[in-house]
Every structure is written in structure tokens, then in C-alpha cells.
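S.K.: Here the sequence shown stands for residues 1 to 600, where the numbers follow the UniProt record's numbering. Have a look at this one.
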Amino acid sequence: MSTKSNRLIGGEYLIKDAAYNDIFTYEDLSEEQQMILQSAKEFIDKEVVPNKHRIEKKDYALIEELMRKIGELGLLGISVPEEYGGLGMGFSTTMLVCDYISGATGSLATAFGAHTGIGTMPILLYGTEEQKQKYLPQLASGEVFASYCLTEPEAGSDANSGKTKARLSEDGKEYIITGQKMWITNAGFAEIFIVFARIDDDKNITGFIVEKSKAGEGFALGEEEDKLGIVSSSTRQVFLNEVRVPVENMLGERDGGFKIAMNALNVGRIKLGAACLDAQRRVLDNSLQYASERKQFGVSINTFGAIKEKLADMAVATFTSEAGAYRAAKDVEDAIADNIAKGMSHTDAELKGIEEYAIEASILKVWISEAAQVASDQGIQIYGGMGYSKEMPMEGAWRDARISRIYEGTNEINTLLCVSMLVKRAFKGKLDLMTPAMGIANELMSIPSFDIPDYSELFAQEKEIIANLKKVFFMVAGAALQKFGANLEQHQQLIMAASHIMQEIYMVESAMLRAEKLANKKGADAAKNAEKLVQLQLFKSVEIIKTEATCGIISFTEGDEQRMMLSGLRRFTRYNEYPNVVNLKTEIADLLIAENKYTF
């Protein structure tokens, strides 16, 4: 288990190298966690997969029924403390449940995520004791469901610009809320609505708990939205016209709603990454089974190299996604435990723990949602014409995957946030970015070593390359920050290039650490396949980083500075011993085909 002394803080992975025994991996799941995993998986396989044809026909009632059954299993209250009717499990276990509940259909995944995350967490983290006692037991059991009302027609990514208004009644006992919310998940069957409104002319919005059954005629819902994917996820507009809410239903402090909204989304982002994990596994499993059954030119299509490449790529991305998600989940869990040990209340400890890894949360949201989209797209390609048919699982998987790149903050917003949050942490003195940035500047002026290194130890070359990739980030980001200063935020394409470099470093390092830990626990032979996955992910990450860094360098430098930085980029992305990419992908695919499922 990670401890305060050796756990890296948020964003610190760019500055320091983590050790494999200081991170949590999927292989470290406890017996209790394995039991919870099996419970969630069995539920999905027995109750959800056989009914997917109903889910793809806008069966909103079925999703509500499934949510109630999940509540009966106790899984809606996985993160709710026992004193409020939940199971009180740690953050990594809540991620695990989110992972496996979300795999078969995006409609249920969205309902579950909205209820347990942005619906329940604001009350858990910001509610008064009375609010927690009143609402959390009902939410944890599935007696009632929650919804989260932030987005408006003119307020999407700019969440604090909402026009919904609240004013205090003359007798001072109620707030009167008027406004319109849109894209509200679970609206059709929710009882509890977390509504954000601006009181009078306050600078920031304020949160309120609105009970539908007590809201009166001024509370109305629009028709169900006709969506591309997640078609059985209830999504409606919410209209509030002079809705009266008791003053005791204010959530948190007046003018404090924006903070609630952002912290709720931090939780939502990291869990959305988890929600895309089992979707990748299932897409790969379905692709493997179809490719073994489908014959062309007298043989199964899984014998073709073009198909094997797609299968191997899916496995690499899935392994890496798992590595990043569970690494960050345990870091959050350990940060919460550290904060409690310092004397913080559980609420404050959880808030600070989640906030600490906001950068990693955004990375996971972006990287894994993109990986899930690519997997589903490649799955359709493997199925060929049949993949385009609604009778097959790939068409629905592709449509469901698409929303993950939009909600909980678009991938563009989250990509920009990675860098801005990193810079803010540096300005606050939490991270020393200047020392490594200056070190890279000096290194660029030095003569590189031409000695042939010793790569006899496991991952010796991979560690060297990852360390060099971190230098690429500081070379590009440092030069851009030095040139543009406070105006850097106006150069979004450069920021996004730097952020994509950040993302690749975190994910490939997580995959390598996972494989290294596996090798040290079970032996190098047992980890051979994991080693191959890491080599493939690193090769891909290096190529992505080369492209992003090159685009950045040639766009804001010229002359000698440009030549020097491009020379540095070649040095920092150099392989001494290239992997045989075609052989590695073939070997991974052959293993998958032999097992006929994802086995890593």
C-alpha cells in the first residue's frame, strides 16, 4: 500500500519516477474486491446482456428497474458511509464497481454514474448532517434516484454562466427558483435534483436540493431527448417556474455552487474513465469471437494480419487504460486516508483527496474515452457489414462510446485543464516545474552521450525512454510558457499539444509499472505478455509525442532555437533497440485468439 512518504502527489509523475511497488494495479485486488467484481459482473451478464435488444429500443422503464436491482445489491451505496446506509468502501472499490456495472450498455452506465456520482456525491461532500441523514440512505438503497441539473441552453462548458435564478421569499423561509436546465440525466425517474441557480446578482451559482414530489406545478419536464447513443438513458429538460425550496435545502454555502459543481465533476471524470474499461474488454471479446467464427477465402478472418493488428491494438489500449485508472484510484484513496490521519473530517478528506488528483482525473477521462471509441470503431470494422447492423453489439457500442468524449467536460476542456491545473499547482508551490525545465535547457546545450547502455534489466530501455519523454514535455511546455507567459492560455493548440504529451506519459508509465509489478510478483516469464503490451504502447506513445512536440516546436520557434529543440526532440525520443512491432502484435493477437477472450 502506498504511504504518505512515497506516494506521488497530483501531477508529480512528470517530475519524479514512481516505483512499481508504490502503485496499485488491477492484479492487487483483494478477495473482497474480487467478490464485489464477480457480483457486479454476474448481474450484468444475467440481467443486462440478455435484455440489450430492449435497451436499444428506448426502454426507460427497464433502466429504472435495473437501477433498483443494483440498489438491492448494495452497489448504489458503495461509496456512501455505513452510517448513512451505504457500504462505505474505499475509492478503488467504487471505481471497480463503476468499471463492471458500466460495461454492457452505456444507457445503464450513464444512469448509474449520474446517480452515484454527480447526483449523490454533492450531498455526501457538501450536505449538512441533516441533509445527509435525510437523503443518503434513500439514495444508497435505490428507494429514490438522483439527478444533477447544471447545464443550460447558454451554459455548457462555461458552467458558471447559468441564467437560472433564485431569490429569497419575503418570509425568509424559502428560495424561489426559476430557470431551464437541459441534458439532465435520470430526469424521467429521479426524485432528488441537485439544481444550481444564481441568488440575486451573486458572482457564483449556488446549489440546492430540489425534491420533485414537493416542487409543485412549477416543476416540469420536457420530452425524452432522441439521442445518437445511450438511448434508454432518461435525458430531459427540466423547467423550474417559481419553484419553492426550503432554505434548509441550500447545498453548501451561498455563492459556493461553482466549487461544488467542479469538485463533483472531478469525481465524475475519474469514474467515467473507469466506466469505459469493461466496455473495451467486451468489445474485444466480441471481436475475438466473431473473428474466429467468420470465414472468408476458406479461413477464419482472425488468421489475417490486418485483423490481428486490430485485436492487438485493442488489448494494448485496454491494459493501459486499466493501469492508469487503478493507479489513480488508489492514489485518491490513500490521499483520503492521509487526510483523515491528519485530523480532517471524512468529508474534507475526500474533497481534498479527489482535488489532489484532478489532473490525473482529466487525463483518464480523455485517454480512456478515446480508447473506448477507437475500440468500438475497430470492432465494427472487424464485423464488416454486420458491424453496421443493429442486430450486432458493435453498432450500439460505438454509439454509446461517443458520449463519453462529451460529458463530464468535453475532452477538449479536460485536455486544456491538464496544463492549466499543472501550472496553478506550480504557482502555489506544490510542484517545482522550474528546476526540471531549466535542467532541460542546459541539457540541450550539452553534447549527448554515445555510450551503448546496458539494457539487461527488465524495462531498462523503457524507463530511460519514459524519463526522456518527460524531458520533451518540459522542453516544449517550458519554452512555450517562457515565450507567452500569462498569454499562453490564448494559444490553445499549443496547450493541447503539451497536454497530449502529459497524457501519454502518465498512461504508458502506468502500464509499465503495472507490468513491472506483475513481473516482480509472479516472475519475468509470467509477465512476458504484459511486457509485450508495454513495448507496443510505448512505441505508439513515442510516435504521438514526436508528432505533438514537433507541431508545437515548429509553430512557436524559428531559426537556431527551433533547430536546437528539434535536435533535442530526436535525442529524447530515440530508441537504441527498436521493438519488432509486427511480431509483437502478432504474438499478442495469437494469444488472444487462443484464449478467445481478453486475458491480461
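The C-beta atom is built at its ideal place from N, Cα and C for all residues, glycine as well. As the structure is a prediction and not an experimental result, all values here were calculated from the model.
Please state whether DSSP places F258 in a helix, a strand or coil.
M.R.: Helix.
S.K.: Looking only at C-alpha atoms, which of I260, I270, G179 and P246 sits nearest to Q237?
M.R.: Among I260, I270, G179 and P246, the Cα nearest to that of Q237 belongs to G179.
S.K.: For A335, collect the residues of the same chain with a Cβ closer than 6 Å to its Cβ; drop the 5 residues on either side in sequence, then sort them by chain order.
M.R.: So the list reads G353 and E356, once near-sequence residues are dropped.
S.K.: Looking only at its chain, what residues have a beta carbon closer than 6 Å to the beta carbon of V419, apart from the 5 residues adjacent to it on each side?
M.R.: So the list reads I495, A498 and S499, once near-sequence residues are dropped.
S.K.: Any idea if T3 is buried or exposed, counting beta-carbon neighbours within 10 angstroms, 16 or more meaning buried?
M.R.: Note on T3: pLDDT 42, under 50, position unreliable in the model; the coordinate value appears next. Exposed, since its Cβ has fewer than 16 Cβ neighbours within 10 Å.
S.K.: Which same chain residues, not among the five before or five after E42, have their C-beta less than 7 Å away from its C-beta?
M.R.: Excluding sequence neighbours, E42 sits near nothing in its chain.
S.K.: For A19, which three-state DSSP category applies?
M.R.: A19: coil per DSSP, three-state reduction.
S.K.: Looking only at C-alpha atoms, which of E64, H53 and L533 sits nearest to A317?
M.R.: When only C-alpha atoms are compared, the closest one is L533.
S.K.: For L311, I'd like the list of residues in its chain whose CB is within less than 6 Å of its CB, leaving aside the five on either flank, ordered along the chain.
M.R.: Here the set comprises A589 and L592.
S.K.: For T128, which option in R198, N249 and G74 has the closest C-alpha, if you only look at C-alpha atoms?
M.R.: The shortest Cα separation from T128 among R198, N249 and G74 belongs to N249.
S.K.: Does the beta-carbon of M1 have 16 or more other beta-carbons within 10 angstroms, so that it is buried, or is it exposed?
M.R.: Unreliable placement is indicated for M1, whose pLDDT of 41 sits below 50; no coordinate value is reported for it.
S.K.: Excluding the 5 residues flanking R571 on each side, which residues of the same chain have their C-beta closer than 7 Å to its C-beta?
M.R.: Excluding sequence neighbours, R571 sits near P448.
S.K.: Would you kindly report the start and end of the unbroken beta strand (DSSP E) that includes residue 612?
M.R.: Outside the displayed span of the chain (1 to 600) sits residue 612, for which this structure offers no information.
S.K.: In angstroms with no decimal places, state the Cα-to-Cα distance between A166 and I176.
M.R.: Their backbone Cα atoms lie some 5 Å apart in a straight line.
S.K.: In chain order, what residues of the same chain lie with their CB nearer than 8 Å to the CB of G119, ignoring the 5 residues before and after it?
M.R.: So the list reads L139, F145, A146, S147, Y148, N186, A190, I192 and I194, once near-sequence residues are dropped.
S.K.: Note the first and the last residue of the continuous beta strand (DSSP E) segment covering P246.
M.R.: Note, P246: beta strand (DSSP E), T235 to P246.
S.K.: Going by the CB atoms, is the gap between A215 and M121 shorter than 8 Å?
M.R.: Going by C-beta atoms, M121 is not nearer than 8 Å to A215.
S.K.: For R167, report the span of its beta strand (DSSP E) as first-last.
M.R.: K165 to L168 is the extent of the beta strand (DSSP E) around R167.
S.K.: Helix, strand or coil: how does DSSP classify S2 here?
M.R.: The predicted model places S2 with a pLDDT of 42, which falls under 50 and marks its position as unreliable; any figure quoted below should be read in that light. Correct three-state label for S2: coil.
S.K.: For the alpha helix (DSSP H) that Y126 lies in, which residues bound it at each end?
M.R.: Per DSSP, Y126 belongs to the alpha helix (DSSP H) from M121 to Y126.
S.K.: Just reading off the alpha helix (DSSP H) that L488 is part of, what are its end residues?
M.R.: Taken as a continuous stretch (DSSP letters only), L488 belongs to no alpha helix (DSSP H), as it is neither H nor E.
S.K.: Would you call the region 275-290 and the region 365-382 touching, i.e. three or more CB-CB distances under 8 Å?
M.R.: At 8 Å Cβ cutoff, the stretches touch.
S.K.: Should T25 go down as buried or exposed, given a rule of 16 or more other Cβ atoms within 10 Å for buried?
M.R.: With 16 or more other Cβ atoms within 10 Å, it is buried.
S.K.: By DSSP, does G387 sit in helix, in strand, or in coil?
M.R.: Residue state, collapsed to three classes: helix.
S.K.: Count the other CB atoms, across all protein chains shown, that sit within 10 Å of the CB of T206; report buried if there are 16 or more and exposed otherwise.
M.R.: Buried: at least 16 other Cβ atoms inside 10 Å.
S.K.: Spatial neighbours of G86 within its chain, please: C-beta separation below 6 Å, excluding the five flanking residues on both sides.
M.R.: Excluding positions up to five away in sequence, the list reads G77, V80 and A140.
S.K.: Using beta-carbon positions only, say whether K597 and L288 come within less than 8 Å of one another.
M.R.: Going by C-beta atoms, K597 is nearer than 8 Å to L288.
S.K.: From A274, S369, T235 and Q381, pick the residue whose C-alpha is nearest to that of I301; which is it?
M.R.: Selected option, being the one with the closest Cα: Q381.
S.K.: Which whole-angstrom value is the C-beta distance of A323 and S510, which I expect to be below 8 Å?
M.R.: Right, the Cβ-Cβ distance comes to about 4 Å (below 8 Å), so this counts as a contact.
S.K.: Out of A328, F196 and K365, which one is the CA nearest neighbour of G268?
M.R.: Of the candidates A328, F196 and K365, the one whose C-alpha sits nearest the C-alpha of G268 is K365.
S.K.: Reducing DSSP to helix, strand and coil, say where K203 ends up.
M.R.: K203: coil per DSSP, three-state reduction.
S.K.: Do A480 and L488 have their C-beta atoms within less than 8 Å of each other?
M.R.: Yes, Cβ-Cβ distance for A480 and L488 is below 8 Å.
S.K.: Mapping DSSP to helix, strand and coil, what is C418?
M.R.: C418: helix per DSSP, three-state reduction.
S.K.: Leaving aside the five residues before and after L536 along the sequence, list all residues of the same chain whose C-beta is less than 6 Å from its C-beta, in chain order.
M.R.: Only V316 and L584 meet the Cβ criterion.
S.K.: Determine the closest residue to N21 out of M344, G222 and L8, with distance taken between C-alpha atoms.
M.R.: Taking only the C-alpha atoms, the option nearest N21 is L8.
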